[in-house]
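Undergrad: Structure in structure tokens, see below.
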Amino acid sequence: TTLAAVQSLPRRRLVERRAAALSVDARGWLQAVKVPVLIVQAGADRILSQACRAELANALPSAQTILMDGPHALLQSRPCECAEVITRWCQESVRADGRA
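Residue numbering for the sequence shown is 4 to 103, as defined by this note's numbering.
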């Protein structure tokens, strides 16, 4: 499971990963994004706050946001459901764009 994988990492590695993730500030370039965007949010995310998720959605007003039940690591904990959501969104985006 994802929890087991995280728990198996040395504490130092977790601290390094957290610091690396928190050092990224993408807000400055989000307005330059011109391609369709899907934001998949985890309803039970204890890592990203609701305010953080709202800030991302506001920075990408044309993005489609989907809220799924589950923890921060949705791709690992619900891979099949995530794949279905992403595949459906890709198919709908291609149809809306008029390209096959």
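All residues carry an ideal CB built from backbone N, CA and C; glycine is no exception.
The structure displayed is predicted, hence computed values, not measured ones.
1. Compare the beta carbon distance of D72 and A47 with 8 angstroms and say whether it is the shorter of the two.
2. Quick one: what does DSSP say L51 is sitting in, helix, strand or coil?
3. Could you give the DSSP three-state label for Q10: helix, strand or coil?
4. Is L77 buried or exposed, if buried means 16 or more other CB atoms sit within 10 Å of its CB?
5. Exposed or buried, A45, counting other C-beta atoms within 10 Å across all chains shown (16 or more means buried)?
6. Mapping DSSP to helix, strand and coil, what is V97?
TA: In short:
1. With contacts defined by Cβ atoms closer than 8 angstroms, D72 and A47 form a contacting pair.
2. coil
3. helix
4. With 16 or more other Cβ atoms inside 10 Å of its own Cβ, L77 counts as buried.
5. buried
6. helix
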